[in-house]
Amino acid sequence: MSRLIYMGFKLLEPYEGKLSRTVLRGESGSNPADLPDKAIASPLMANYILYLYKTMRKFWGEPIVVTQELGDILGNAVIKDSILASSDTICLLDQSKFRGNYEQVAKLLALNEVEQRKIFTINGLDNKAGRGKFKEVYIKRGNIGEVYGVEVSLFQYLTFTTEKPEKTAVESYVARFGSYSAGLEAFVSDLRSSRLGLADFIMQVNAE
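For the sequence shown, full-length UniProt numbering gives the first residue as 1, with consecutive numbering after it.
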């Protein structure tokens, strides 16, 4: 067994324990597996995921398969023909980088031209004015899907942002006020009273 597949099974050990403790007892909840990169592409791992998938569905669980690689789906018969075909809900993030070669994906996901046009509007429309930062996602149930904006509160956004200028500005407030919660409260309060946009306020804080 390759080291990568072994690592994949080691990561799934606590997940399988969670499966036995929750889904097999009839409790509800979603249980996404935490997989290492590329492990899903191996036939051995794919069949293991299929076993988990069928077991969860049998006991009314909600299996979730997540991948960032189209090849994981298109190049794996188990994923393509068994798991994906039985998925009740499909969620897609920005697909613009695949637009020039989308025929296989569209056929696999049963996406007609109308649905594809919806997908390629993700994060592409001029609809940001007067709103907080948000990303869009396409959610399909049955034959029809829609694009939704996923927007969190300013506090949540600033807590989990990975943008370095934003993190640096927030951290300067945290250092000044002694705790993360106090620093974040002060940061948001000053931002709102400044009447500046977030980007301009960040630049002002980092320039001080």
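Where is the CB? At the ideal position from N, CA and C, for every residue including glycine. Please read all numbers here as calculations on a predicted model, not as lab measurements.
With a threshold of 16 other CB atoms inside 10 Å of the CB of Ile119, please say whether the residue is buried or exposed. buried
Give the secondary structure of Gly183 by DSSP, where H, G and I count as helix, E and B as strand, and everything else as coil. helix
First and last residue of the beta strand (DSSP E) that includes Ile139? Phe134 to Arg141
Using a Cβ-Cβ cut-off of 6 Å (strictly less than) and excluding sequence neighbours within five positions of Leu191, which residues of its own chain qualify? Phe201
Buried or exposed, going by whether 16 or more other CB atoms sit within 10 Å of the CB of Phe59? exposed
Which residues does DSSP list as the beta-bridge partners of Gly145? Looking at the DSSP assignment, Gly145 forms a beta bridge with Lys140.
Where do the N-terminal and C-terminal ends of the beta strand (DSSP E) with Leu92 fall, by residue? Per DSSP, the continuous beta strand (DSSP E) segment holding Leu92 begins and ends at Thr89 to Leu92.
Helix, strand or coil: how does DSSP classify Val152 here? coil
In the structure shown, what three-state DSSP assignment does Phe59 receive? Three-state result, Phe59: coil.
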